[in-house]
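K.L.:
In mature numbering (1 follows the signal peptide of the UniProt record, and there is no 0), the protein residues as written are -24 to -1, 1 to 608. From the three backbone atoms N, C-alpha and C, an ideal C-beta is built for every residue, glycine too. These numbers were taken from a predicted model, which means no experiment stands behind them.
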C-alpha cells in the first residue's frame, strides 16, 4: 500500500495523546513486520442471544501493550466502529487476568502491561449484535448471520494492518454453510479454519452464513472464479430462474469488457435475502455484501430498482478497493481517513453502477432513463442547499459529520451528495470527452486507463486529484482541473451531462414508473417538485423543500397531515387537491396538520399542478446516452 505524507501526519496527530490527561501515547503505525501471528477464534453459534464470542491470542513482549478496536471503517468512510456493542473484555497472560484501562481520549484504545516471562496475551470478549434496528444493523437471525471481522477483533497498535499476520476461525451453527472471500484451510464439524492472511485483508473479507444457502457460478470455466453465495430466510426465496442468473453473468462480462482487467484472484457476491437481517451494501476487494429483501428474486419486477446494488458494489473492486484516494488509504483502522475524493470513489461508482445495470440487462433503458431523470431533478431543483451555502466537494465530509443520521431538512442540509451529484458530474465528463475527441473517446477510455491497469493485482494503488486530471488530459487535452473544480466547488445545477448526450429534463403531471416504484418501496408520496413536500406512512411529513410552497406556508418535517380539503388524508386525495388548485387559481391546497399536540389548518397557495421529472429527446443533438448504455 502506498501511504502519503498526509496519512503519516494524520497518524502522528491521531496518536499523540499524552497531553490533556491521556494515559499514554498510542504507538503510531510503522511499516514493519509484526512478530508473530494473531490467532482469532469466533464462536457464532449463539443465534438465540445474537452474540459472537471471541477468543484471540496476541503475541507481545513484556511491557506496555496497546490493543485497538477498529474505528475507521473502509467503505463507511467514517469513525463508526461498533465499539458500543463490545462487552466482557478479559485480558490474560500466563493464565493470570491482567488489568486493562481504556484510554479516555481514544476510547478505541486499551492499555495493558504484559508481565515478564509472558510471550503474549489471551483476549476474550463478546460482540453483542443489535437485537432490533433501533440499535443498529441486525446481523444475526435464527436463519443467518453476517460476520464482519472489524466487529470481532482487536489488534496491536504500532503496525500497519497489512504487516500483521492472522489465522482465523469461526464456529457456525450445525448445518450452516458460509460464503466468504477467505480460503478455507480445513473444516472441523461446524468450525471453519481459514488460511493465513494479513489483518488488513481479513477485515476486508466478511462472512455470510446461513441455514438456507445456495452458490451460483457467475463465470463458468473461468480461471478467476466469480460466485454468488446466497443465504435466505426460507428455501423458497432461493428459487432463482436461469434467465435471472444470466443477467448477473452478463454483469461480470460487461465489467471485464469495459475495464479490460480485474483485481482479485476470485470474487464472491455475498447476498442475503432477508426481511429479518438488515439489508446493506458494502464493498470489498474480493467480495461484496449485498443485502436485499427476501423476495428479491421471487418478486423480480417489484425489486427492479434494487438491482444496481450489485453492479455498484462490484464496481468498487476496481474503484475504491484497488484504486483508492490517497487520503483514504490509511495504514490501519484507527488512523483518521480523509474523504476528499469520494466524488470519484462513490460518484463514479454510482455512475457505472447504473450504466452497467443497463449494459448487463439488469435494467432496461426505460428504467435507466427514469432513474437518470429522478437524479437529475435532484440537482436541478431538489437541493437548494447546494445552490446556496454548500457544494459537492463539501458533502464528502458528510460520512464524518452526519454518519447517515436522519436530518431535519435533508434537501437543504444535503448529505453525501457526492454519490448522485458525482454521477451527474461523470456523465458530464463523458459528454465533454466525446465533444473534444469528435466522438472517438468516452468515459470507457477513462475507466480502462485509470482502473483497468495491472491485471490480477489486488493490493492498493492510490491516486490524487492531479492523477485524475492527468488521465483525462492524456485521453483528451483540456483544462480538466478547472472543469472539475467548477462543478465540485460551484453552486449551479448539474444537468449539463444530459443535455450534452441529446436529452432534456422536463416535468409533467404524470409520475414515471421509477417514481411509482420508489414511492411504493419507501411508502411515500413524493411531491417535491410541486407542493415541495415528501409524505410518508400515515401522513407523516418526511421532508419539506426549503423555501418551497409548503415551507413558505408553514409546513415542516415532523408534522403529520390529518386531512386534505376537509377530508381524511390519503395520497390520492392530496394529488387531487393539487390538480384542482391548478384549475382554480383562487383555491389553495388546504391541510389540517398535527404538530406535537396542536392542530393547525395550513393553506398552500400553489397552482402549478403536479410535477414529476422525465427525460425527452433533444433531436437537435445526437443521442449518445443510448450509445453509453448499450451493451459492449
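1) Tell me which residue opens and which closes the beta strand (DSSP E) that residue 509 is part of.
2) Please report the straight-line C-alpha distance between residue 459 and residue 322, rounded to a whole angstrom.
3) How close, in whole Å, do the beta carbons of residue 256 and residue 138 come, if the pair is a contact with beta carbons under 8 angstroms?
4) Would you kindly check if the distance between the Cβ of residue 470 and the Cβ of residue 582 is under 7 angstroms?
5) Helix, strand or coil for residue 122? Go by DSSP, reduced to three states.
6) Compute the beta-carbon to beta-carbon distance between residue 594 and residue 478, rounded to the nearest angstrom, for a pair I have assumed lies under 8 angstroms.
7) Under a three-way DSSP split, which group does residue 489 fall into?
8) Could you please give the first and the last residue of the uninterrupted alpha helix (DSSP H) stretch that includes residue 473?
9) Go through its chain and collect everything with a Cβ distance to residue 159's Cβ below 7 angstroms, but skip five positions before and after it.
10) Does the segment 341 to 349 come within contact of the segment 310 to 320, defined as at least 3 CB pairs closer than 8 angstroms?
11) Starting from residue 589 and walking both ways along the beta strand (DSSP E), at which residues does that stretch end?
12) According to DSSP, simplified to helix, strand and coil, what is residue 291?
13) At the level of alpha carbons, what is the spacing between residue 280 and residue 505?
14) Using a Cβ-Cβ cut-off of 6 angstroms (strictly less than) and excluding sequence neighbours within five positions of residue 46, which residues of its own chain qualify?
15) On the three-state DSSP scale, how would you describe residue 456?
16) Using the Cα positions of residue 547 and residue 566, report the straight-line distance between them to the nearest angstrom.
17) Suppose the cutoff is 7 angstroms on Cβ atoms and the five residues either side in sequence are ignored; what does the same chain contact list for residue 601 look like?
18) Against chain D, does residue 337 count as a neighbour if the rule is that its beta carbon must be under 7 angstroms from one of theirs?
19) Assuming residue 259 and residue 292 make a contact with CB atoms under 8 angstroms, what is their CB distance in whole Å?
20) Using only the alpha-carbon positions, how far apart do residue 531 and residue 423 sit?
21) Given that a residue counts as buried once 16 or more other Cβ atoms are within 10 Å of its Cβ, and exposed if not, what is residue 574?
22) One question on the structure: do residue 537 and residue 527 come within less than 7 angstroms of each other, judged by their Cβ atoms?
23) Taking DSSP as the reference, what is the three-state secondary structure of residue -4?
24) In chain order, what residues of the same chain have a beta carbon less than 6 angstroms from the beta carbon of residue 207, not counting five sequence neighbours either side?
25) Among residues of its own chain, excluding the 5 on either side of residue 134, which ones have a beta-carbon nearer than 8 angstroms to its beta-carbon?
26) By the 10 Å Cβ neighbour count, where 16 or more other Cβ atoms means buried, how is residue 156 classified, buried or exposed?
27) I'd like to confirm the pairing. Which residues does DSSP put opposite residue 479 in its beta bridges?
28) Give me the Cα-Cα distance between residue -3 and residue 79, rounded to the nearest whole angstrom.
29) I think residue 30 touches residue 86, with their Cβ atoms under 8 angstroms apart; what is that distance to the nearest whole Å?
30) Which residues share a DSSP beta bridge with residue 141?
31) Can you tell me which of the three DSSP states residue 216 falls into?
32) To which residues does DSSP link residue 185 through a beta bridge?
33) Provide the residue span of the beta strand (DSSP E) that contains residue 72, from first to last.
34) Return the Cβ separation of residue 201 and residue 242 in integer angstroms, given the expectation that the two are a contact with Cβ distance under 8 angstroms.
35) Can you check which of these residues, 145, 500, 436 and 473, is closest to residue 404 by C-alpha distance?
36) Check this for me: beta carbons of residue 230 and residue 335, under 7 angstroms apart or not?
P.N.:
The structure says:
1) First-last of the beta strand (DSSP E) with residue 509: 509 to 511.
2) 19 angstroms
3) In fact, because the Cβ distance is near 25 angstroms, the residues do not count as touching under 8 angstroms.
4) Against a cut-off of 7 angstroms, the Cβ pair of residue 470 and residue 582 comes out as no contact.
5) The DSSP-derived three-state label of residue 122 is strand.
6) 5 angstroms
7) helix
8) 472 to 476
9) 170 and 171
10) Put simply, the segment 341 to 349 does not touch the segment 310 to 320. Fewer than three CB pairs are less than 8 angstroms apart.
11) 588 to 593
12) Three-state DSSP puts residue 291 in a helix.
13) 24 angstroms
14) 57, 126 and 309
15) helix
16) 14 angstroms
17) Same-chain partners within the cutoff: 477, 478 and 479.
18) Structure shown: chain D not included; a single protein chain is present.
19) About 3 angstroms separates the two Cβ atoms, so the contact holds.
20) Going from the Cα of residue 531 to the Cα of residue 423 covers about 45 angstroms.
21) exposed
22) no
23) Here residue -4 scores only 44 on pLDDT, less than 50, and its place in the model should not be relied on; the value that follows carries that caveat. Here residue -4 sits in coil by DSSP.
24) Contacts found: 120, 184, 186, 189 and 248.
25) 3, 4, 5, 6 and 42
26) buried
27) As DSSP reads the structure, residue 479 sits in a beta bridge with 593.
28) Residue confidence is low: residue -3 scores 47 on pLDDT, short of 50, so the model does not pin down where it sits. Its coordinate-derived value is still stated next. Roughly 6 angstroms separates the two Cα atoms.
29) With 8 angstroms as the limit, residue 30 and residue 86 do not qualify as a contact, their Cβ atoms being about 14 angstroms apart.
30) 13 and 174
31) Residue 216 sits in coil when the DSSP states are folded into three classes, being neither helix nor strand.
32) 121 and 154
33) Run containing residue 72: 72 to 74, per the beta strand (DSSP E) assignment.
34) 5 angstroms
35) 473
36) yes
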